[in-house]
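Read through the structure below, which is laid out as C-alpha cells, and then see the notes.
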Amino acid sequence: MARESESGLPIEPVYGPDTLEGWDPAEKLGEPGSYPFTRGVYPSMYTGRPWTMRQYAGFGTAVESNARYKQLIANGTMGLSVAFDLPTQMGHDSDASIAHGEVGKVGVAIDSIDDMRVLFGGIPLDKVSTSMTINAPAALLLLMYQLVGEEQGVPADKLTGTIQNDVLKEYIARGTYIFPPKPSLRLIADIFKYCKTEIPKWNTISISGYHMAEAGASPAQEIAFTLADGIEYVRTAVAAGMDVDDFAPRLSFFFVARTTILEEVAKFRAARRIWAKVMRDEFGAKNPKSLMLRFHTQTAGVQLTAQQPEVNLVRVAVQGLAAVLGGTQSLHTNSFDEAIALPTDKSARLALRTQQVLAYETDVTATVDPFAGSYVIEKMTDDVEAAALELMGKVEDLGGAVNAIERGFQKNEIERSAYRIAQETDSGERVVVGVNRFQLDEEEPYEPLRVDPAIEAQQAERLAKLRAERDQAAVDTALAELKKAAEGTDNVLYPMKDALRARATVGEVCNALREVWGTYVPSDAF
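Taking this note's numbering, I'd label the letters of the sequence shown as residues 68 to 593.
This is how it looks when you write it as C-alpha cells:
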C-alpha cells in the first residue's frame, strides 16, 4: 500500500527504471556545480571540506551570550548564529513597556552599540562568519556589527556572514514585522545597495522557509512560498535600478530539515532546480553564481518533544543527515532540550558533536551527491518540484508574493497543512515517539536552563546610563537626518549608521522610521 509524503504526494513501495522512463539526466541533473544545480552548487561539495557548522545561540545579556559563543568556538564551531530576544526583533528597547517580561527570553537583548560591543568582545570579526536571525530591524544590527568591526580595526570588506532580513515570511508565518510591506521592501533594497558598496562579502538576505515549516507548511509549501518571496525581493531590487548580477550572488536561503529524509533530500534538489530556472529565464541572470540557491539549514524544532527529550538526539541526527545529503551549505543542529527551555552548555555541545560525527565519522562526505540517480529520489524531486510550481503559479495569479500575503493566501494554506498534521497526530495515524506511542508512565526529571528575570532591570539600568552619557544633540540630529532620508529616496542606512554610532538605541531608530512609514496591521486583525 502506498504511503503519502509530508506534502501529500504518493510514495510507492518500489521504484524501478520505468519510474524515470523518458527522463533526461542532462536536463534534470546536470553535473554538480553546474546548471540546473540539482546535484549541488559546488563541483566538489563536501569532498574538499564539510559544510559550515553553525550553532544558533543567544540568551539573556550580551555578557552571557558572548561566553556561550566563546565556548562554541572552542568546541569547533565554524560560524556563529545569533538569536535576538523578542523586543530586539520588534524594534523596541528593553525598558519599553511593551518589552516587559520578554527581555532576554528567546535570545540576547541588544539595545545599542554598547551591547553589540559586549556581544562580540574578544571575538575577531575578520576570523568568524556570523549569521544574525533578525528581520524588520536587520539593517540596524548589521550596521552595529560593522561599527564593532571598525573599532576592532577590521575593514568592512573582510566581514562575512548573513542577516536573515526576510520580512515577507514574517507577514506569512512568524509575526515579527514592524513596517508595512512596501517600505519594508524599500529598506531591503537599500540594504542590497549599501552592502554592494560597503560590505561586499555579506549575504544580504536569507530567504526563509524554516519558519513557515515551523508553522506547519509542508515541504512543497515551504519551498514554493520561500521562492515566491525570493522572486519578490529580486523584482524589488531590479525595480530600484540594480542589475540582477550585482546582488543575486549574495542572496541565500534558509530551510528546515525534517526527519523524513527522502522527501527532504528531494525538496532541496527541487528548490535548487526551480531557482536556477527562474533566475535564468525570468531575470536573465548571466553570472552562474546568480543561479545558485545557496542555503542554511536548521533541524526541525517543531518536531522536538518535551516527552523523553533525549530521543531528540536521534531526531536531530536524522534531520542533520537529511540536510547533508540534500547539499546544505551550513547547518545548525538543535539541542535535545530545546522543547523544554534554552539549551544548556552540555546539550549545545552535543548538538555540535552530532554534526562533527556526520562530517568526520561517516562516509557521506566522501562522494558528491550520494543519492544522484536514485529512482525514488529523482521521482520525488520531480513530484515536489511540480507541487511547488503549482503553488508558485497561484501566488503569481494573485499578483505576486506581497499581494498574496495581503489576501492571506500563504497563511491560509499553511494553516490547513498544520491542521492536517495535528489531526493525524491526535488520531495516532502519525506516530510521534514518546507522545502518542511508546510513552513512559512517568517522565524523568530534567533541570532546564532558565533566564534570570533580573536581566530586564539590568538592561534598563544600562539604557539609563547610556542616555545620561551620550551627546543627545548628536542623537537628535542623526535621527532627524534618518527621517528625512526615509521620507525621500536617499539610502537610509547611511544616516542610520550615524545615529547608531552616536549611541541612538534600537527603539529610537525604529520609532523614527515608524513615524514616517507607519506600522503594519494584518487585514485579519480588523
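The beta carbon of each residue, even a glycine, is placed where N, CA and C say it ideally should be.
Please read these numbers as outputs of a predicted model, since none were measured by experiment.
Taking Met53 as the reference, which of Leu192, Glu496, Gly440 and Ala433 has the closest Cα?
One cannot answer for residue 53 here, as it falls past the ends of the chain, which runs 68 to 593.
For the segment 541-552 against the segment 200-209, are there 3 or more C-beta pairs whose distance is under 8 Å?
As far as the Cβ criterion goes, the segment 541-552 does not touch the segment 200-209, which means the pair count is below three.
Spatial neighbours of Gly460 within its chain, please: CB distance less than 6 Å, with the 5 preceding and 5 following residues excluded, ordered by chain position.
The beta carbon of Gly460 sits closer than 6 Å to none of the beta carbons in its chain outside the five residues before and after it.
Terminal residues of the continuous beta strand (DSSP E) containing Met120?
For Met120, the uninterrupted beta strand (DSSP E) segment begins and ends at Thr119 to Ala124.
Closest by C-alpha distance to Asn270, when choosing among Pro316, Tyr238, Gln506 and Gly440:
When only C-alpha atoms are compared, the closest one is Pro316.
Just how far apart, CA to CA, sit Lys353 and Val305?
Answer to the nearest angstrom: the Cα atoms are 14 Å apart.
Say whether the segment 317-324 touches the segment 436-449, bearing in mind that this needs 3 or more beta-carbon pairs closer than 8 Å, one atom from each stretch.
Judged by pairs of C-beta atoms under 8 Å, the segment 317-324 does not touch the segment 436-449, as fewer than three such pairs exist.
Which class does Ile201 belong to by DSSP, given the choice of helix, strand or coil?
Coil at Ile201, not helix or strand.
Taking all protein chains shown into account, decide if Ser494 is buried (16 or more other Cβ within 10 angstroms of its Cβ) or exposed.
Burial check for Ser494: the Cβ neighbour count within 10 Å stays below 16, so the residue is exposed.
Could you tell me which whole alpha helix (DSSP H) segments of length 4 or greater appear in the segment 334-409?
Along the length of the segment 334-409, whole alpha helix (DSSP H) runs at least 4 residues long occupy 355-358 and 378-392, reported in chain order.
Report all residues from its chain with a CB closer than 6 Å to the CB of Ala592; omit the five preceding and five following residues, and keep chain order.
For Ala592, the pLDDT reaches just 38, beneath the cut-off of 50, and the residue's location in the model is therefore unreliable, leaving the point undetermined.
Taking the C-alpha atoms as reference points, what is the distance between Met309 and Tyr261?
Approximately 12 Å, taken between the alpha carbons.
Top-ranked residue by Cα proximity to Ile180, from Thr155, Lys249, Leu388 and Glu94
For Ile180, the nearest C-alpha among the options comes from Thr155.
Determine, using beta carbons only, whether Tyr82 and Val451 come nearer to each other than 7 Å.
Between Tyr82 and Val451, the gap from beta carbon to beta carbon reaches 7 Å or more.
If we ignore side chains and look at the alpha-carbon of each, how far apart do Leu214 and Thr197 end up?
Rounded to the nearest angstrom, the two C-alpha atoms are 14 Å apart.
By Cβ distance below 6 Å, which residues in the same chain neighbour Thr400 in space, the five residues on each side in sequence not counted?
If you ignore the 5 residues before and after Thr400, its C-beta comes within less than 6 Å of the C-beta of Thr366, Val383, Gly387, Ala418, Thr421 and Gln422, all in its own chain and listed in chain order.
Sub-7 Å separation of Leu380 and Phe403 beta-carbons
It is a contact, given that the beta carbons lie within the stated cut-off.
Among Met157, Phe246, Lys194 and Gln396, which one has its Cα closest to the Cα of Tyr109?
It is Gln396 whose Cα lies nearest to the Cα of Tyr109.
Residues in its own chain within less than 7 Å of Asp312 by CB, not counting five upstream and five downstream?
Residues Ala352, Lys353, Asn354 and Ser357 of the same chain have their beta carbon placed closer than 7 Å to that of Asp312, with the five preceding and five following residues left out of the count.
Cβ neighbour criterion (16 or more within 10 Å) applied to Asp224
Exposed, by the Cβ-count rule.
Beta-carbon within less than 6 Å of Met145's beta-carbon, same chain only, minus the 5 sequence neighbours each way: which residues are those?
Excluding five sequence positions before and after Met145, the CB atoms of its chain that fall closer than 6 Å to its own CB belong to Thr119 and Met120, given in chain order.
With a CB to CB cut of under 6 Å and the five nearest residues on each side skipped, what residues in its chain are close to Arg497?
Excluding positions up to five away in sequence, the list reads Glu491.
Short of 8 Å in beta carbon distance, which residues of its chain neighbour Glu169, apart from the five on each side in sequence? Order them along the chain.
Cβ neighbours of Glu169 beyond the five flanking positions: Asp152, Leu153 and Pro154.
Comparing alpha-carbon positions, which option in Pro191, Arg483, Arg116 and Glu509 lies nearest Glu73?
Ranked by how close their Cα comes to the Cα of Glu73, the residues Pro191, Arg483, Arg116 and Glu509 have Arg483 in first place.
Quick check for students: name the residue ranges of the beta strand (DSSP E) that lie wholly in the segment 493-552, counting only runs of 3 or more.
Counting only runs that start and end inside the segment 493-552, there is no beta strand (DSSP E) element of at least 3 residues.
Helix or strand or just coil, what does DSSP make of Ile245?
In the structure shown, the three-state DSSP call for Ile245 is coil.
Mind checking which residues open and close the beta strand (DSSP E) that includes Ala150?
Counting along the chain, Ala150 sits inside the beta strand (DSSP E) bounded by residues Gly146 to Ala150.
Excluding the 5 residues flanking Ala406 on each side, which residues of the same chain have their C-beta closer than 6 Å to its C-beta?
Leu371, Thr372 and Ala373, listed in sequence order.
Answer with buried or exposed for Pro410, where buried requires no fewer than 16 other C-beta atoms within 10 angstroms of its C-beta.
Classification of Pro410: buried, given that the 10 Å Cβ count is 16 or more.
Do you know how far the Cα of Tyr427 is from the Cα of Asn479?
Take the alpha-carbon of Asn479 and the one of Tyr427: they are about 42 Å apart.
So, does the segment 238-245 touch the segment 460-478, judging by three or more C-beta pairs under 8 Å?
Counting Cβ pairs under 8 Å, three or more are found: they touch.
Please return the same chain residues whose Cβ sits closer than 7 Å to the Cβ of Cys577, not counting the five positions on each side in sequence.
Contacts found: Gly158, Pro204 and Ile245.
Out of curiosity, what's the CA-to-CA distance linking Val571 and Leu456?
One point to set straight first is that residue 571 is Ala, not Val, in the sequence displayed. In a straight line, the C-alpha of Ala571 is about 45 Å away from that of Leu456.
Length at least 3, wholly inside the segment 160-200: the beta strand (DSSP E) runs in chain order
Entirely contained in the segment 160-200, the beta strand (DSSP E) runs reaching 3 residues are, in chain order, 196-200.
Taking a contact to mean a Cβ-Cβ separation below 7 Å, would you say Thr364 touches Leu398 in this structure?
Result yes, Cβ atoms of Thr364 and Leu398 sit closer than 7 Å.
Return the bridge partner residues of Ser319 from the DSSP annotation.
Looking at the DSSP assignment, Ser319 forms a beta bridge with Ser273.
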